[in-house]
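Student:
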Amino acid sequence: MCPEAGLAELYGNRGACKGSFLLPCSGIFVRREKVKNSIAESMAFFASKEFDADFRYDGKDLGAGCRDNSTVFRAWSPFAEKLELRLYRDGTAKEAFLVKEMQAEEKGIWRLEFPESLHGMYYDYLVWTDGKAVRTADPYAVGCSCNGGRSMVVDLRKTDPAGFESDQAPAACEERIIYELHIKDFSYDVQSGIPQAYRGKYKAFTVPGETGWYPTGMEYLKKLGITYVHLLPFFDYGSVDEAGDDGQFNWGYDPVNYNVPEGSYATDTKDGTVRIRECKEMIQALHKNGIRVIMDVVYNHTHQEDSWLQRMAPGYYYRYREDGSLANGSACGNDIAAGRSMVDNYIADSVMYWAREYHIDGFRFDLMGLLTVELMNRIQGELDEAFGKGEKLLYGEPWSADDSPMEKGTKAAQKRNAGYLHDGIGIFSDDTRDAIKGSVFYAEEPGFVNGGEGLEKAILHAVAGWKNGGAAFEPRSCSQIVNYVSAHDNFTLWDKLVLSMHGEEADFDRQYGDVLAANKLAAFIYFTCQGNVFFQAGEEFGRTKHGEDNSYCSGPEINMLQWRRTIEYGELVDYYRGLIRLRKKLPGLCDKTPAAAERIMDGKIHGEGVVSFRIDNRASRPSPWEELFIVYNASDREWNVRMPEQEVRSFKESGETDQAVWEILADGSEADCCREAEFTEEGIPVAPHSGVLLGRRKGM
Ligand code: CA
Numbered sequence: 004m005c006p007e008a009g010l011a012e013l014y015g016n017r018g019a020c021k022g023s024f025l026l027p028c029s030g031i032f033v034r035r036e037k038v039k040n041s042i043a044e045s046m047a048f049f050a051s052k053e054f055d056a057d058f059r060y061d062g063k064d065l066g067a068g069c070r071d072n073s074t075v076f077r078a079w080s081p082f083a084e085k086l087e088l089r090l091y092r093d094g095t096a097k098e099a100f101l102v103k104e105m106q107a108e109e110k111g112i113w114r115l116e117f118p119e120s121l122h123g124m125y126y127d128y129l130v131w132t133d134g135k136a137v138r139t140a141d142p143y144a145v146g147c148s149c150n151g152g153r154s155m156v157v158d159l160r161k162t163d164p165a166g167f168e169s170d171q172a173p174a175a176c177e178e179r180i181i182y183e184l185h186i187k188d189f190s191y192d193v194q195s196g197i198p199q200a201y202r203g204k205y206k207a208f209t210v211p212g213e214t215g216w217y218p219t220g221m222e223y224l225k226k227l228g229i230t231y232v233h234l235l236p237f238f239d240y241g242s243v244d245e246a247g248d249d250g251q252f253n254w255g256y257d258p259v260n261y262n263v264p265e266g267s268y269a270t271d272t273k274d275g276t277v278r279i280r281e282c283k284e285m286i287q288a289l290h291k292n293g294i295r296v297i298m299d300v301v302y303n304h305t306h307q308e309d310s311w312l313q314r315m316a317p318g319y320y321y322r323y324r325e326d327g328s329l330a331n332g333s334a335c336g337n338d339i340a341a342g343r344s345m346v347d348n349y350i351a352d353s354v355m356y357w358a359r360e361y362h363i364d365g366f367r368f369d370l371m372g373l374l375t376v377e378l379m380n381r382i383q384g385e386l387d388e389a390f391g392k393g394e395k396l397l398y399g400e401p402w403s404a405d406d407s408p409m410e411k412g413t414k415a416a417q418k419r420n421a422g423y424l425h426d427g428i429g430i431f432s433d434d435t436r437d438a439i440k441g442s443v444f445y446a447e448e449p450g451f452v453n454g455g456e457g458l459e460k461a462i463l464h465a466v467a468g469w470k471n472g473g474a475a476f477e478p479r480s481c482s483q484i485v486n487y488v489s490a491h492d493n494f495t496l497w498d499k500l501v502l503s504m505h506g507e508e509a510d511f512d513r514q515y516g517d518v519l520a521a522n523k524l525a526a527f528i529y530f531t532c533q534g535n536v537f538f539q540a541g542e543e544f545g546r547t548k549h550g551e552d553n554s555y556c557s558g559p560e561i562n563m564l565q566w567r568r569t570i571e572y573g574e575l576v577d578y579y580r581g582l583i584r585l586r587k588k589l590p591g592l593c594d595k596t597p598a599a600a601e602r603i604m605d606g607k608i609h610g611e612g613v614v615s616f617r618i619d620n621r622a623s624r625p626s627p628w629e630e631l632f633i634v635y636n637a638s639d640r641e642w643n644v645r646m647p648e649q650e651v652r653s654f655k656e657s658g659e660t661d662q663a664v665w666e667i668l669a670d671g672s673e674a675d676c677c678r679e680a681e682f683t684e685e686g687i688p689v690a691p692h693s694g695v696l697l698g699r700r701k702g703m
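See the structure below:
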């Protein structure tokens with residue numbers, strides 16, 4: 004999660020006031036001679052009505068607005084005595100060709116207007132406080148120089164690829180099947196068949212992979228059937244040198260310029276418009292292929308404390324402890340102070356900007372537990388109002404790495420507060436994840452599918468989206484639950500299963516039969532839980548990082564998708580593909596209303612590692628099956644599981660024949676099949692380490 008210290012040259016002149024805020028006794032200088040003498044006093048002031056009355060600015064025009072005949076610079080810097088704008092003809096020019104003092108306005112705003120388009124010019128600001136100047140780029144900038152140290156004036160309409168004006172997300176699909184992908188991972192492998200110049204870049208999404216005989220790249224995604232791609236951070240981050248070589252790698256959880264796409268995924272970093280255009284081309288290509296796009300956003304901390312936000316308003320954007328040290332609930336050295344008015348405005352405006360300008364369809368919030376319930380609900384409300392209810396998806400990690408001093412009167416967007424979150428805001432379910440495959444922290448600790456004991460109850464709770472109070476929280480609706488067993492953090496599913504089932508000496512490249520079965524059962528389980536489906540790219544072909552559980556900067560070779568595995572593990576890929584197709588067909592599993600939990604009935608534990616339940620599959624949209632019956636058998640032997648007696652009765656009462664035809668729609672070897680179930684005297688046979696999903700055909 005936490006990046007290495009970045010490029011020293013990125014930030015340039017850190018400025019003469021270095022550290023002045025950080026000493027508890029030094030006081031902060033606030034315009035209009037308001038001086039606070041302690042950190043506690045400052046923190047209270049930042050969250051006060053008094054502060055808001057003087058400095059809260061709700062305009063949506065901060066940054067450099069550029070049109071044909073005008074460019075307007077607006078900056079929010081409430082404690083400065085003077086702001087100067089400096090203009091450069093390119094991103095690396097040593098000298099500014101123009102330095103001009105800005106006009107102070109109300110609410111801490113500084114403004115400067117030019118009666119011409121300055122599209123393509125670069126700029127920064129000198130923030131003067133207490134007679135000393137600090138250089139900063141613009142935190143509201145929409146463009147930047149290579150490595151992001153200087154901002155760029157951009158007329159955004161000039162960055163649209165052909166046809167972007169009419170680009171639209173594909174219509175809302177039957178189900179949210181979310182595929183977590185890193186842009187570089189997607190195409191870095193030579194065997195992706197993506198042209199070399201585009202490998203690891205935004206552009207890789209716009210061309211077919213030419214392998215000759217197996218689908219890769221976009222063709223593969225389409226064939227897999229996923230409905231959302233969730234892309235790891237692609238705002239401008241600081242841990243990769245954009246002027247450096249292609250062998251660098253980072254997940255990108257270290258924001259520098261929040262409203263600018265990352266440059267290392269662009270084919271040219273010298274011209275700041277290229278990254279914008281190519282990022283839009285990627286999104287446009289995904290949309291054209293029927294896939295919606297989710298952006299991973301990291302508003303809980305910045306690449307380093309000495310950020311543009313900090314330089315614009317020292318101390319305001321971060322949480323400090325009373326001793327003057329930075330709060331560190333993010334484990335990345337600084338926590339953004341969500342809960343203060345201008346911090347919340349910044350985050351909400353940034354989300355709205357990506358949704359509007361880049362047509363992003365959803366946002367995944369890193370360490371959402373450091374943000375507030377109030378802010379998350381506000382963002383959902385603004386998105387719903389602008390784009391239609393539920394059109395944009397929000398979900399996040401409902402936890403933090405450590406405690407953080409939240410603003411008084413706010414609620415942390417943590418799991419325990421799920422019931423206060425809007426029912427459209429999802430939370431990753433670590434409870435589901437750990438029940439299925441075991442702890443993410445202890446490699447050897449198993450879950451339900453790989454030998455864990457006493458997990459039957461937890462599995463039945465997971466099935467019902469934890470709505471029945473099975474864990475230490477109560478969601479408002481199953482629609483809030485994001486079901487998953489692997490993501491970029493921690494071991495891949497394959498590695499976790501290999502380690503827990505074969506020990507540390509195991510060979511990650513060997514196709515163990517028992518691991519394959521456990522992998523299938525794990526997928527079978529979370530694909531039949533209420534909520535949303537999420538998986539890490541490559542989980543469907545046994546993705547391995549050879550036991551590496553934190554590969555954030557491990558190099559592209561260990562991180563990239565290895566496309567030959569889609570062939571080697573073709574059986575597993577087909578199984579996932581089948582589960583995806585099947586899930587979309589079953590309204591009883593796609594239900595995102597608060598009533599979804601009530602569809603789950605007759606949860607039963609038959610023995611160690613064996614559970615079953617029924618799902619009411621009736622819905623307004625037609626489905627051939629009215630009822631579903633599901634069994635998970637994680638034990639070592641075959642089980643014959645009886646259908647619930649009361650169920651047989653209800654068929655009779657409804658006037659239907661008791662010769663109801665039950666069809667097998669999935670079992671341990673095939674998903675999305677359809678063949679008549681054959682019952683024995685004892686019930687339906689379920690093979691060891693597998694599941695079975697039966698559907699009762701309507702009207703038979
Ligand atoms: Ca960057």
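What the sequence shown shows, in my numbering, is residues 4 to 703, in sequence order.
By construction, the Cβ of each residue, glycine as well, lies at the ideal position given by its N, Cα and C atoms.
(1) Given a cut-off of 8 angstroms, decide if ALA50 and GLY454 are closer than it, judged by their beta-carbon atoms.
(2) May I ask which residues mark the beginning and end of the alpha helix (DSSP H) holding TYR205?
(3) Whole angstroms are fine: how far does the CA of ARG160 sit from the CA of PRO118?
(4) List the endpoints of the continuous beta strand (DSSP E) containing THR74.
(5) With respect to the beta strand (DSSP E) encompassing TYR572, which residues constitute its N-terminal and C-terminal limits?
(6) Check whether the Cβ atoms of VAL664 and TYR635 sit closer than 8 angstroms, and answer yes or no.
(7) At which residue ranges does the segment 180 to 260 contain complete beta strand (DSSP E) runs of 3 or more residues, listed in the order of the chain?
(8) With a floor of 4 residues, list each alpha helix (DSSP H) that falls wholly inside the segment 482 to 519, ordered by position along the chain.
(9) Helix, strand or coil, according to DSSP, for ALA140 in the structure here?
(10) Confirm, please, whether the CB-CB distance from ASN303 to ALA144 is below 8 angstroms.
(11) Can you tell me the Cα-Cα spacing of ILE633 and ASP141, whole angstroms?
(12) Is it buried or exposed for ASP430, if we count other Cβ within 10 angstroms and need 16 for buried?
(13) Quick one: Cα of ASP369 to Cα of GLU685, how far?
(14) Contact defined as beta carbons within less than 8 angstroms: I believe ASN331 pairs with TYR321. What is the distance between those atoms, to the nearest angstrom?
(15) Would you grab the beta carbon distance between SER2 and THR95 for me? Rounded to a whole angstrom, and I think it's under 8 angstroms.
(16) Which residue marks the beginning of the alpha helix (DSSP H) containing TYR125, and which one marks its end?
(17) From VAL130 to ILE428, what does the alpha carbon distance come to, in whole angstroms?
(18) Pick from PHE511, ASN553 and LEU524: whose alpha carbon is nearest that of PHE494?
(19) List the DSSP bridge partners of GLU630.
(20) Determine, for ALA622, whether the minimum Cβ-Cβ distance to residues of chain B falls below 8 angstroms.
(21) Give a single yes or no on whether ASP369 has its beta carbon closer than 7 angstroms to a heavy atom of ligand 1.
(22) Give the DSSP-derived three-state secondary structure of SER693 in the structure shown.
(23) Given a cut-off of 8 angstroms, decide if ALA246 and THR272 are closer than it, judged by their beta-carbon atoms.
(24) Please work out which residues of its chain come closer than 6 angstroms, Cβ to Cβ, to GLU177, disregarding the five sequence neighbours upstream and downstream, and give them in chain order.
(25) Contact defined as beta carbons within less than 8 angstroms: I believe GLY541 pairs with VAL485. What is the distance between those atoms, to the nearest angstrom?
(26) Can the beta-carbon of GLY435 be found closer than 8 angstroms to that of TYR529?
(27) Among residues of its own chain, excluding the 5 on either side of ALA99, which ones have a beta-carbon nearer than 7 angstroms to its beta-carbon?
(28) Rounded C-beta distance between PHE58 and PRO81? I'm assuming under 8 angstroms.
(29) Do the segment 188 to 201 and the segment 163 to 173 touch if we need at least three Cβ pairs shorter than 8 angstroms?
(30) Alpha carbon to alpha carbon, what distance is there between LYS470 and PHE476?
(31) Just the C-alpha distance for PRO164 and PRO264, rounded to the nearest angstrom, thanks.
(32) Sorted by chain position, which residues of the same chain lie with C-beta nearer than 6 angstroms to LEU101's C-beta, five sequence neighbours on each side aside?
(33) DSSP state of LEU378, grouped into three classes?
(34) Per DSSP, which residues does CYS147 bridge with? Please list them.
(35) Confirm, please, whether the CB-CB distance from ALA669 to PHE537 is below 8 angstroms.
(36) Within this structure, are the beta carbons of LEU502 and GLU447 separated by less than 8 angstroms?
Tutor: Short version:
(1) no
(2) TYR205 -> no alpha helix (DSSP H), and no H or E assigned at all.
(3) 18 angstroms
(4) 73 to 79
(5) No beta strand (DSSP E) holds TYR572; DSSP gives it neither H nor E.
(6) no
(7) 180 to 184, 231 to 234 and 238 to 240
(8) 496 to 505
(9) coil
(10) no
(11) 55 angstroms
(12) The sequence shown places Ile at residue 430, rather than the Asp named in the question. Classification for ILE430: buried.
(13) 49 angstroms
(14) Rounded, the Cβ-Cβ distance is 10 angstroms, inconsistent with contact.
(15) This structure cannot settle anything about residue 2, because the visible part of the chain is limited to 4 through 703.
(16) Segment 125 to 132 is the beta strand (DSSP E) holding TYR125; no alpha helix (DSSP H) there.
(17) 38 angstroms
(18) ASN553
(19) ASP619 and ARG699
(20) Of the chains in the structure shown, none is chain B; there is only one protein chain.
(21) no
(22) strand
(23) yes
(24) LYS587 and CYS593
(25) 18 angstroms between Cβ atoms; not a contact.
(26) Inspection of the sequence shows that residue 435 is occupied by Thr rather than by Gly. Yes; because the gap between Cβ atoms is below 8 angstroms, this pair is in contact.
(27) ARG89, LEU90 and TYR91
(28) 4 angstroms
(29) no
(30) 9 angstroms
(31) 15 angstroms
(32) LEU90
(33) helix
(34) SER154
(35) no
(36) yes
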